[in-house]
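In the UniProt record's numbering, the protein residues as written are 1 to 270.
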């Protein structure tokens, strides 16, 4: 049975998609079967993990548009890099149609469980299903919250990435109907020279740690992704960083993050 991991934050540009790309690639590299699920109409995850494609015969929009008539298996494609398949890594792509379809889906019964029902059909085929959430609290985000077992929140150097975080955590707890939702925040694109920003974000993360409390399931991860040009270069060339530049500092950081997240997954399964 696959563990569902949602990478989520209301702020755009904080590294959600890059995190999904590099965690998915790392786990696939380790021999785990991984399904990366694009829930963002911008489709950036889809472009990178498809090796630069923009057009797909079927996308997540079809799964929401006709949930009872479309088989999720028909939307899954093999991930690619450098025109070669990436072993163990698969993708459900998204495109701009998702925005329109989601608006229409608001009238459907049990609309917040559409994704959960689709994933149940492929649950036994993967070790991990990683959800790339949009930068808002939309119906797609609610579906991800319903379906996911664990939540990962990237926080970047922009002071606004923590704005609204309390609302996000409130929404998670409301959707999951529990105050003990396993959500974990981590610093993304940290630049050592930005001491003022680093001190500010560290204080904000301390406040988040206080909210979780000593008995909560969430926390702040020790892994930190350093800012590096190779991250953007890899995305532009539609190649996961671990394949684009294996020796990059950020590649090492993502490996550490993947290991720490996997420890949390294992704790969840005990």
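C-beta atoms are modelled at their ideal positions from N, C-alpha and C, and glycine is treated no differently.
Because the structure is a prediction, the values reported are computed rather than measured.
Query	Result
Per-residue DSSP class, three states only, for residue 111	helix
Identified DSSP bridge partners for residue 3	128
Close-in-space but distant-in-sequence residues of the same chain around residue 241 (CB under 7 Å, 5 per side omitted)	22, 230, 231, 234, 248, 250, 251, 254
Bounding residues of the alpha helix (DSSP H) (the contiguous stretch that carries residue 100)	97-105
CA-to-CA distance, residue 45 to residue 17, given in whole angstroms	6 Å
CA nearest to the CA of residue 68, picked from 261, 115, 268	115
Proximal residues to residue 159 (C-beta, below 6 Å), its chain only, five neighbours per side dropped	Only weak support exists for where residue 159 lies, its pLDDT of 49 falling under 50; the coordinates are left without a value.
Bridge partners - residue 89, DSSP secondary structure assignment	34
Per-residue DSSP class, three states only, for residue 54	coil
Limits of the beta strand (DSSP E) - the one that residue 70 falls within	Neither: residue 70 is in no beta strand (DSSP E) and is coded neither H nor E.
For residue 222, three-class secondary structure by DSSP	strand
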